[in-house]
Amino acid sequence: MLQVQFIRDNKETVLEGLAKRNFVNAEIIVEQVLTADEDRRKTQVELDDTLAESNKLSKEIGGFFKSGEIQKANLLKEKTSQLKEKSKELGERLNNFSEALQTLLYSIPNIPHSSVKAGKSDEDNENIFSEGTIPDLGENALPHWELAKKFDIIDFELGNKIAGAGFPVYKGKGARIQRALINYFLDKNTKAGYTEVQVPHLVNPDSATATGQLPDKDGQMYHAKIDDLYLIPTAEIPITNMYRGNLLKESEFPITATGYTPCFRREAGSYGAHVRGLNRLHQFDKVEIVRIEHPDNSYQALNEMVEHIKDILRELKLPYRILRLCGGDTGFTAALTFDFEVFSTAQDRWLEISSASNFETFQANRLKLRFKNKEGKSEFAHTLNGSSLALPRVLAGILENYQTEDGIKVPDVLVPYCGFDMIN
RNA sequence: AGAAAGGUGUCUGAGUGGUCGAAAGAGCUACCUUGGAAAGGUAGUGUACUGGCAACGGUACCGAGGGUUCGAAUCCCUUCCUUUCUGCCA
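For the first sequence, the numbering used here assigns the number 463 to the initial residue and increments by one for each residue that follows.
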């Protein structure tokens, strides 16, 4: 959520930023924000004055009661009852203005970083880096869902029976390689300094609001209504919310954490060839990295995250590229996002396997996550996160790119974790 | 799930209707003391919104939300959480 003060002081910057995102009606909404803000402030001043007077009178009344001047006290009581009505009315108006302002602010996405290009969709994303060799698999290369069936390592029908489409069952070496990937990723992340955490897989509405999933993405999360808890679509929510409401010291930066969780996404309305097999699931596994940073250091931190993810993909020897998302494709809460995509040779397409973002103060504002700066004033911290990595498409990439006539070769770096070097 | 007790500032903890943003201690910060440190001494030390160029003010906040009252940390209601006991259970 943007700060009103920021919108007030940087209206042009905000409008330019929203234009990059193709955000419709930006000018109207920003105008509404400014009006609501002004109304709110005016009302608050009026309310504060009324309450101040009421407080003053109450003290006088107390004095009169003590000294036994009941009549004088009763006279003042009448005044205060008038003030009370007035302040009640003002309070309601203040609430209305505040809520209106809040709703408007919730509807405005983050302002993109200066390096982000304007654009409408993923077609406008910039390819900024690529690495690795695309294997020559010949004509008999199979997509991963056929490989999964051939070697009996992932059973989509079985998951269908138990839960529904998008909930696969991993079997035998399929299950084992999943566990290997999780352990490998976590080891890699902790070696890079991230503290490993295990967090709840369900979160309350406060948490989901603070990281920006609510109210924006309400329909995309599974909701356990009886207890009003949401199944997490990403570990970003519980991990980032560990720091909700904190007032940090500068010396506590940087805060870095990593965690493995399953992720649950309703993905309502998705269908077609692009969602086959592991390409899009309702439940999948992901290892996440999260950082809380000083604003001066957050872009350096984002670079470090990008380098870290590169390193993993190099070790896995998968051909990949990095995209800088354009304004229109950047998520609601992010200022700058790099997507990592692995090339699936058998499907002849790129699969997104990681996304690393800097949210600047957008989440911190909702989280009330601040630090004391050198002047002793509190300031919002910057939050960042990235997948390191999301399992299904990494697995799809491995299955497809590492297939041979004798079976699927296991990437060298995973062999110690798997205990086998071939799926056949 | 049932019963009881409780939720106060960074922490411990006092406070049962007005003078309480809140005692006291600890911690932290600065200074004094010291060759340096410890100990000791002095002072300072919540957050948010808001007015003002500033100096300096105002309002709100004692888990959260309502209510009673001229006035609530203190009384009432609802709700969440914690602890203990009972129940259930990996």
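Just so it is clear, CB atoms sit at the ideal spot from N, CA and C, and this is done for glycine as well.
Among the residues of its own chain, which have a CB less than 6 Å from the CB of residue i, if the five just before and after it don't count?
i             : result
threonine 542 : Ser516 and Leu519
leucine 466   : Rather than leucine, the amino acid found at residue 466 in this sequence is valine. Closer than 6 Å at the Cβ level, and outside the excluded window around valine 466, lie Asp499.
proline 605   : Ala808 and Gln809
glutamine 745 : Phe629, Pro724 and Phe726
valine 486    : none
threonine 657 : Ala719
glutamate 508 : Leu552
Helix, strand or coil, according to DSSP, for residue i in the structure here?
i                 : result
tyrosine 879      : helix
serine 760        : helix
alanine 796       : coil
valine 856        : helix
arginine 832      : strand
isoleucine 870    : strand
threonine 657     : strand
alanine 826       : helix
phenylalanine 468 : helix
methionine 884    : strand
glutamate 766     : helix
glutamate 698     : helix
glutamate 729     : coil
glutamate 837     : coil
What first and last residue would you give for the alpha helix (DSSP H) that runs through residue i?
i                 : result
isoleucine 490    : 488-529
threonine 845     : No alpha helix (DSSP H) contains threonine 845, which is instead part of the beta strand (DSSP E) from 844-852.
serine 819        : Taken as a continuous stretch (DSSP letters only), serine 819 belongs to no alpha helix (DSSP H), being part of the beta strand (DSSP E) at 811-822.
phenylalanine 559 : 532-568
leucine 477       : 473-482
From the options, pick the residue whose C-alpha is nearest to that of residue i; which is it?
i              : options                           : result
leucine 778    : Asn602, Asp617, Pro667 and Gly594 : Gly594
glutamate 750  : Gln682, Glu500 and Pro724         : Pro724
glutamine 494  : Thr652, Val872 and Ser560         : Ser560
asparagine 863 : Leu780, Pro878, Ala535 and Ala797 : Leu780
alanine 654    : Thr718, Arg786, Leu861 and Phe468 : Thr718
leucine 831    : Ile570, Lys650, Leu709 and Ser817 : Leu709
leucine 876    : Asp801, Asn587 and Leu775         : Leu775
glutamate 867  : Leu846, Glu508, Glu601 and Lys633 : Glu601
alanine 535    : Leu545, Gln544, Glu522 and Arg738 : Glu522
leucine 829    : Gln675, Arg783 and Val737         : Gln675
The beta strand (DSSP E) with residue i in it runs from where to where?
i                 : result
tyrosine 782      : 782-786
isoleucine 751    : 745-755
phenylalanine 726 : 717-726
lysine 779        : Run containing lysine 779: none; DSSP gives neither H nor E here.
lysine 711        : 709-711
tyrosine 705      : Unbroken run through tyrosine 705: none, as it is neither H nor E.
leucine 740       : Neither: leucine 740 is in no beta strand (DSSP E) and is coded neither H nor E.
tyrosine 692      : 691-693
Beta-carbon within less than 8 Å of residue i's beta-carbon, same chain only, minus the 5 sequence neighbours each way: which residues are those?
i                 : result
phenylalanine 715 : Ile754, Glu755, His756, Asn759, Phe833 and Ala843
asparagine 827    : Met463, Leu464, Gln465 and Phe842
alanine 686       : Leu664, Tyr692 and Leu693
glutamate 489     : Leu477
alanine 797       : Asn572, Ile573, Pro574, His575, Val578, Ser819, Asn820, Phe821, Glu822 and Phe824
serine 840        : Leu709, Arg832, Phe833 and Lys834
threonine 712     : One point to set straight first is that residue 712 is glutamate, not threonine, in the sequence displayed. Result list for glutamate 712: His756, Phe833, Lys834, Asn835 and Lys836, in chain order.
asparagine 886    : Phe613, Asp868, Gly869 and Ile870
Would you say the beta carbon of residue i is closer than 8 Å to some non-hydrogen atom of the ligand SAH?
i          : result
serine 577 : Among the ligands in the structure shown, none appear at all, so the ligand SAH cannot be discussed.
- [ ] Note down, one range per segment and in chain order, each alpha helix (DSSP H) of at least 4 residues found wholly within the segment 578-629.
- [x] If we require 4 residues or more, the alpha helix (DSSP H) runs fully inside the segment 578-629 come out as 606-612 and 618-624.
Open item on the list: Report the start-end ranges of each alpha helix (DSSP H) in the segment 636-684 that is 4 residues or longer and not cut off at the edges.
Closed with: Qualifying alpha helix (DSSP H) stretches, in chain order: 667-672.
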